[in-house]
Each structure stands twice: as structure tokens, then as C-alpha cells.
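> Can you read through this structure? Questions will come right after.
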Amino acid sequence: MEQLALDLNNGEVPPATIVTPCNAAAFALVDEWPRWSHPVALVRGGEGTGKSHLARAFAERTGAAHLAGEALRAGDVLQLARGPVVVDDADRADERALFHLINAVRAAGTTLLLTARSRAGIALPDLASRLNATPETVLQPPDDILLRRVLVEAFLARQLPADPAVVTFLMARVERTLHAAVQMVERIDKAGLAEQRGPTRPLAARVLKTGGSIPDDIVP
13 MEQLALDLNN
23 GEVPPATIVT
33 PCNAAAFALV
43 DEWPRWSHPV
53 ALVRGGEGTG
63 KSHLARAFAE
73 RTGAAHLAGE
83 ALRAGDVLQL
93 ARGPVVVDDA
103 DRADERALFH
113 LINAVRAAGT
123 TLLLTARSRA
133 GIALPDLASR
143 LNATPETVLQ
153 PPDDILLRRV
163 LVEAFLARQL
173 PADPAVVTFL
183 MARVERTLHA
193 AVQMVERIDK
203 AGLAEQRGPT
213 RPLAARVLKT
223 GGSIPDDIVP
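Residues in the sequence shown are numbered from 13 upward in steps of one, following our numbering.
See below:
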């Protein structure tokens with residue numbers, strides 16, 4: 013599969029360059045575009061599994077219009093459906109607007125990628141029917157390969173040594189989401205700056221113990 017570049021802006025490390033069992037099916041979906049068997053595809057996953065990163069990668073690869081579910085408006089549907097579209101957090105979209113977008117994409121012969129935590133709880137029967145007929149791919153929580161790479165890249169992005177002992181220590185203790193891993197490295201970096209030293213296992217342990225805040229004993 014073609015590699016997609018890491019984007020380290022705003023302290024975020026997407027999983028886009030690492031294809032592991034937890035995200036292989038979702039990245040295969042991106043790689044197969046535009047040879048989809050169905051005009052609409054749904055990628056479902058819990059918080060921190062990389063849905064938004066996947067949506068951005070899809071938009072960059074395809075030139076798709078990219079918007080958050082909350083920003084979808086019925087009046088924009090026909091314009092959006094002129095080309096590929098990706099709606100992130102589609103479970104937060106207005107249901108009638110989303111239903112009309114699906115219909116417009118089907119009629120225009122374009123493609124639509126939806127990301128969501130769940131397809132459950134849809135109140136509009138017509139939309140529920142459309143989504144039930146939509147192929148679904150699941151993003152699993154980060155596995156060890158992906159979590160290790162995200163931690164390493166987060167340290168390197170801050171020009172910090174990615175000590176294997178520190179990375180292994182964090183892997184066993186940090187919340188298994190991409191956002192939590194990157195945020196923990198940020199907090200360790202801030203604590204290290206306050207102490208004027210690089211990241212170490214004892215420092216990581218103290219930051220974890222304080223819930224990610226800078227320990228009182230190293231605040232200058």
C-alpha cells in the first residue's frame with residue numbers, strides 16, 4: 013500500500029504511515045478508492061482510534077470535500093455531491109441533511125466516506141435503512157505496533173530521544189488512544205523542560221502518577 017506522510021502539526025501524530033491489524037481494513041478502503049463497490053462507505057471506531065486522521069488522509073489523497081458532521085447543512089448537499097466527500101463524526105450530523113447527502117452522492121455517481129463512533133441510535137428510518145445497507149469497516153484501538161510508533165514519533169517531533177525503555181514503560185500504562193499517547197509525551201516534555209533534563213523512566217512515572225500534570229517537586 014502507498015505510504016501516507018505523517019502530519020505532526022498541532023502535536024498530533026496520525027497513524028497514516030503504519031498499517032497494522034488494527035487499521036489495515038480501513039487503509040485498504042482508502043487505497044481502493046475510487047474502485048469501491050458501493051458509493052458510500054462507513055468507517056466506525058471508538059474515540060482515539062484514528063478516524064479523523066483517516067478522514068484527513070482520504071481528503072488529501074482524493075481531493076474530497078472534508079467537513080465535520082456538525083457542519084453539514086441540507087443547503088450544501090448538492091454542491092458537496094459534485095465530487096468525493098468525507099464527513100467526519102457523521103453520527104453528529106443532522107440526520108435529514110445526511111440522508112439527502114447520501115442520496116445526492118448516489119445520484120451524482122460520486123463517493124462518500126463517513127466516519128462515526130456508531131451507526132446506532134438513528135431516529136430517521138430512511139437514514140437508518142441507508143446506513144444499514146452501507147459497507148462498514150471498523151477501526152480497532154491502537155495495537156502495540158501502532159502505539160509504539162506513535163510514541164516514538166511524538167518524542168522525535170519534539171526533538172527528544174525516544175528511549176526504548178521509556179516507550180515500553182508508557183505503552184503498558186498510557187490510555188490506548190492516539191491522542192492520549194501524544195498528549196502524554198507533551199506533558200513529559202514540559203516536565204523535562206522544568207527539570208532541565210530529557211525524558212527518563214522516573215520522570216515518566218511521576219507524570220503518570222500525577223495524572224499527566226507536572227509534578228510539584230520539579231516545578232521551577
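Just so it is clear, CB atoms sit at the ideal spot from N, CA and C, and this is done for glycine as well.
Here the structure is a predicted model, which means the values were calculated and not measured.
In angstroms with no decimal places, state the Cα-to-Cα distance between Leu220 and Ala76.
The residue you call residue 220 lines up with position 208 of the sequence shown. The residue you call residue 76 lines up with position 64 of the sequence shown. For Leu220 and Ala76, the distance between alpha carbons rounds to 40 Å.
> What do you get for Val112, buried or exposed, if any count of 16 or more other CB atoms within 10 angstroms of its CB means buried?
By one-based count along the sequence shown, residue 112 stands at place 100. At residue 112 the sequence reads His, which differs from the Val that was named. Buried, since its Cβ has 16 or more Cβ neighbours within 10 Å.
> Might you give, ordered along the chain, the residues of its own chain that have their beta carbon closer than 7 Å to the beta carbon of Ile134, omitting 5 neighbours on each side?
The residue given as residue 134 occupies position 122 in the sequence shown. Excluding residues within five positions, the ones whose Cβ falls inside 7 Å are Glu107, Ala140, Leu143.
> Going by other Cβ atoms of all chains shown within 10 Å of its Cβ, with 16 needed for buried, is Pro46 buried or exposed?
Here residue 46 refers to the residue found at position 34 of the sequence shown. By the neighbour-count rule (16 or more Cβ atoms within 10 Å), Pro46 is not buried but exposed.
> Since Arg131 contacts Pro153 with CB under 8 Å, what's their CB separation in whole angstroms?
Your numbering for residue 131 matches position 119 in the sequence shown. Your numbering for residue 153 matches position 141 in the sequence shown. About 19 Å separates the two Cβ atoms, so there is no contact after all.
> If the criterion is Cβ atoms closer than 7 Å, does the pair Leu168 and Ala174 meet it?
Counting from one through the sequence shown, the residue named residue 168 turns up at place 156. Counting from one through the sequence shown, the residue named residue 174 turns up at place 162. Contact: yes.
> Alpha carbon to alpha carbon, what distance is there between Asn35 and Ala216?
Along the sequence shown, one-based indexing puts residue 216 at 204. Along the sequence shown, one-based indexing puts residue 35 at 23. If you take the alpha carbons of Ala216 and Asn35, they lie about 28 Å apart.
> Sorted by chain position, which residues of the same chain lie with C-beta nearer than 6 Å to Pro50's C-beta, five sequence neighbours on each side aside?
Numbered from 1 along the sequence shown, position 38 holds the residue referred to as residue 50. Per the sequence presented here, residue 50 reads as His, with Pro not at that position. Correct list, in chain order: Pro147.
> Can you list, in chain order, the residues of its chain with a C-beta nearer than 7 Å to that of Ile230? Leave out the 5 residues immediately preceding and following it.
The residue given as residue 230 occupies position 218 in the sequence shown. Residue placement at Ile230 is flagged as unreliable, the pLDDT there being 40, under the threshold of 50; a coordinate-derived value is accordingly withheld.
> Note the first and the last residue of the continuous beta strand (DSSP E) segment covering Asp88.
Here residue 88 refers to the residue found at position 76 when the sequence shown is read from its first residue. Looking at the DSSP string, Asp88 is not in any beta strand (DSSP E), and its letter there is neither H nor E.
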